[in-house]
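Trainee: Residue numbers (this note's numbering), protein chains in the order written: chain A, 524 to 1001; chain B, 68 to 292. The C-beta atom is built at its ideal place from N, Cα and C for all residues, glycine as well. Being a predicted model, the structure only gives us computed values, none of them experimental.
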Amino acid sequence: MIRSASLRFAALFGIVFALSAMALVGFLWYSTAGLLDRQVEAAIAADAQGLVERWSEGGIPALLLTIQERINENVDDDAIYEVIDPFGSTVGGNMGRWPPAVTQAGMFYELTVVQADTRSLAEVRRYDLPGGFHLLVGRDVKGRVELRHLLTNALLSSILVIAGLGAVGAYVIRNVFKRMVAEVSATADAISGGDLTPRVRRSGRGDEFDRMAESINTMLERIARLMDGVRQVSNAIAHDLRTPITRARARLEDAAAHAQSETELRAAVERAVSDLDGVTAVFQALMRIAEIEVGARRSAFADVDLGPLLADLAELYGAVAEDHGLRLHLSVPDTLSILGDRDMLQQAISNLLDNAIKFSPRGGTIRLEAAPSDRHARISVADEGPGIPEPDRGRATERFFRGEQARNTPGYGLGLALVQAVAALHEGTLVLADAKPGLLATITLPAMKGGALGGHMNIPSSAPHWAESGTMADVNQR
Amino acid sequence: MRILLVEDDPTVAGFVLKGLREAGHVVEHADNGRDGLFMAASEVFDTIILDRMLPGGIDGIRLLETLRSQNNSTPVLLLSALAQVDERVAGLKAGGDDYLTKPFAFSELLARVEALTRRGKSDGPQTKLVVGDLEMDLLSRSVRRATQKIDLQPREFRLLEYLMRHAGQVVTRTMLLEGVWDYHFDPQTNVIDVHVSRLRQKIDKPFTSPLIHTIRNAGYMLRPE
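Structure, rendered in structure tokens:
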């Protein structure tokens, strides 16, 4: 009973229903049977009032006369009077003798009286008159008592009906409740069992249960999407790792079986080791992306000044660009503060620079720029390479995606996925666009709250060594 | 050098033991945390190579913390399959001096182990580094080779300083990236090679004998010929 919520709800319903029904019955009883009683009492009081007035006007004779008149006029034959003198002898009235039970004035008594050989119930009240006389005024209430009994019985039996109705209602509620919950729990069971397709059925009434069903379904959609993502990634891993592993295995087996000299054997082993290093690199990149996507790194957020950070990266990559016959053009403000993860930002931008260098034709220019824009910091890397064709741009940030142009370059198709993950970690965005020609990758990150977005300097003071140097091709400000 | 290796995987342990002994070091081996802690606490080593995850109730971090709480400051290189940045930070916080993620190249391990022991010895402020006929004045930040003054940019200066401080040792590209640039990731392109070759242009090219040597499959070494 306690362990079943539906039963508890049903019981609660039953109790509330019974209580309110009983309150209603009680009120009905009070306002019908009770009203009858009060009417009798009011009639007796009015009657007595009139008699006392008559007595004060004309004494005992007038009183007796009036009583007689009233008895005669009384059509229902339910009026009861009795007057006694100070010695207890009957002076007038239709009772015949004073009922011994009536001892106090001003109180209502219920008596059994015998009138015309029939037992009956009467409601009476005693009034004391000056001179030791006592007056008793009453009404035969047999009919009314019977009516009251009838009412009481009817109301009591209605309680039985109410109890029955309450039980039926509770049962219905329990079933409805059970059905609603059963829908959800059946869906959950099916999903636990491994089938991710079922959804909680909606009644279409738009009520709370519908809304709950909706949020559960939304949650399930999200889980299914994530599962799909995981499946895609594991397929990609299986494929992308299988290739180098297969290669390493083939090399080793081939060398073991056919190597003619130690030199040959060593060469094969070394190549296999470098294949395995490739596998490790893919693993590390995937783990890093996963780590970022989980968002655990947000605890390491600190104030990061993008100015010197980008200048340092430009210094690191400037030499490489020059080596590839490229020019790296830097344009960053002196300071540009954001809240973020220094290591991750460095790695993300280094990935973009790696790509730019990889895809640029000799003699091209790579532009690394940063600027504050409307409470955001915008970092962009533009190259003059082939770019990414429009239809591929959406997929370029997926893990293991490699465009047509990238087929013949080294890489695993994880670089942009990581940049995307880092941008998302910072609640920012990565947008790929056409640099005409080339690729323009823009990371937009929210600036630090109230953070100072510094002014634009011509030569970043943090890296004067390369800005002044003539050894690097063109790492100058615009 | 006397080195303690605490590693439970027999293949990895065998490979590291063989390599370190070939490099001329004396190596002791423990294959669980309890024995490792006992040996580390009761004997004197120049370096401890410590796997993070060990059987025997005491894992690498526990062992390291216990050791440090006993004021044992032997340099410790942590080995771990846990590559997350946070794990690395946790390892260094517990008192580790360096952190190497599995799988690793032996040359990387050897270079880092030798760098650790060197770091332990060169205490006290130095004002001058000398390797062969190459001299670096750390106060005036000037470099000269033979009689000739060599102009270096600040980053080149730091790169050369790092190489000179580890003269006679193999220095890997990752070590340079971490030690000179403070970057903790591997760029896809050969950024370090480019910078080293620029330094070579200034340090070695005008002279007859080279000081910066490329060590195949490992990194670089600065040494007088």
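1) For A:H579, does the count of other Cβ atoms within 10 angstroms reach 16, so buried, or fall short, so exposed?
2) Show which residues of chain B have a CB atom less than 9 angstroms away from the CB atom of A:D866.
3) At the 8 angstroms Cβ level, is A:Y840 part of the contact set with chain B, yes or no?
4) A:M703 to A:D733, Cα distance in whole Å?
5) At the 8 angstroms Cβ level, is B:V258 part of the contact set with chain A, yes or no?
6) In chain order, what residues of the same chain have a beta carbon less than 8 angstroms from the beta carbon of A:A782, not counting five sequence neighbours either side?
7) For chain B, check one thing: does any of its Cβ atoms lie closer than 8 angstroms to the Cβ of A:G934?
8) Using a C-beta to C-beta distance shorter than 9 angstroms, which residues of chain B count as neighbours of A:E814?
9) Comparing C-alpha positions only, which one of B:F112, B:L145 and B:V93 sits nearest to B:E74?
10) Does the Cβ of A:R642 have 16 or more other Cβ atoms within 10 Å, making it buried, or fewer, making it exposed?
11) Determine the direct distance from the alpha carbon of B:L131 to that of A:N740, and round the result to whole angstroms.
12) Taking the alpha-carbon positions, what's the B:G103 to B:E95 distance?
13) Note down, in chain order, every chain B residue with its Cβ under 8 angstroms from the Cβ of A:L712.
14) If you follow the alpha helix (DSSP H) that B:S109 is in, where does it begin and where does it stop?
15) DSSP three-state label for B:R69, please.
16) In terms of residues, what are the limits of the beta strand (DSSP E) holding B:L196?
17) Using 8 angstroms as the threshold, is the C-beta distance between A:H852 and A:R890 below it?
18) Would you mind telling me which residues of chain B sit closer than 8 angstroms to A:S873, beta carbon to beta carbon, in chain order?
19) Of all Cβ atoms in chain A, is any one closer than 8 angstroms to the Cβ of B:P273?
20) Residues in its own chain within less than 7 angstroms of B:K85 by CB, not counting five upstream and five downstream?
21) Taking Cβ to Cβ, would you say B:G199 is nearer than 8 angstroms to B:L266?
22) Could you please tell me which residues of the region 218 to 232 of chain B, in chain order, have their CB closer than 7 angstroms to any CB of chain A?
23) Under a Cβ-count criterion, where at least 16 other Cβ atoms within 10 Å of its own Cβ denotes burial, should B:A108 be classed as buried or exposed?
24) When the Cα atoms are used, what is the spatial distance from A:L587 to A:N617?
25) Would you kindly check if the distance between the Cβ of A:I966 and the Cβ of A:V942 is under 8 angstroms?
26) Which of the three DSSP states is assigned to B:L84 in this structure?
27) Shortest alpha-carbon distance to A:L907 belongs to which of A:Q591, A:R918, A:E913 and A:S883?
28) Would you identify the three-state DSSP class for A:A894, choosing helix, strand or coil?
29) Would you be able to state if there are at least three C-beta pairs under 8 angstroms between the region 909 to 927 of chain A and the region 825 to 840 of chain A?
30) Which ranges would you report for the beta strand (DSSP E) in the region 854 to 919 of chain A if only whole runs of at least 3 residues count?
31) Tell me whether the beta-carbon of B:M120 lies closer than 8 angstroms to the beta-carbon of B:D113.
32) Would you call A:S903 buried or exposed, if buried means 16 or more other Cβ atoms sit within 10 Å of its Cβ?
33) Run through chain B and tell me which residues come within less than 7 angstroms of A:Q513, C-beta to C-beta.
34) Mind listing the chain A neighbours of B:V261? Cutoff is C-beta to C-beta under 7 angstroms, in chain order.
35) Can you name the start and end residues of the alpha helix (DSSP H) that A:T555 belongs to?
36) Hey, could you find the ends of the alpha helix (DSSP H) B:M203 is sitting in?
Mentor: Working from what's here:
1) Inspection of the sequence shows that residue 579 of chain A is occupied by Ser rather than by His. Looking at its Cβ environment, which holds fewer than 16 other Cβ atoms inside 10 Å, A:S579 is exposed.
2) V152, Y250, H251 and F252
3) yes
4) 10 angstroms
5) yes
6) L788 and A791
7) yes
8) A150, Q151, V152 and D153
9) B:L145
10) exposed
11) 49 angstroms
12) 10 angstroms
13) According to the sequence as given, residue 712 of chain A is Asp; it is not Leu. The premise fails here: A:D712 is roughly 36 angstroms from chain B at the closest Cβ pair, so nothing lies under 8 angstroms.
14) G100 to S109
15) strand
16) K195 to V198
17) yes
18) Y250, F252 and P254
19) no
20) none
21) no
22) Q220, P221 and R222
23) exposed
24) 11 angstroms
25) yes
26) helix
27) The amino acid occupying residue 907 of chain A in the given sequence is Glu; Leu does not appear at that position. For the residues A:Q591, A:R918, A:E913 and A:S883, the minimum Cα distance to A:E907 belongs to A:S883.
28) strand
29) no
30) 860 to 863, 888 to 896 and 899 to 905
31) no
32) buried
33) No answer is possible for residue 513 of chain A: the residues shown for chain A start at 524 and end at 1001.
34) A842, V843 and D846
35) A528 to E596
36) No alpha helix (DSSP H) holds B:M203; the beta strand (DSSP E) holding it covers L201 to D204.
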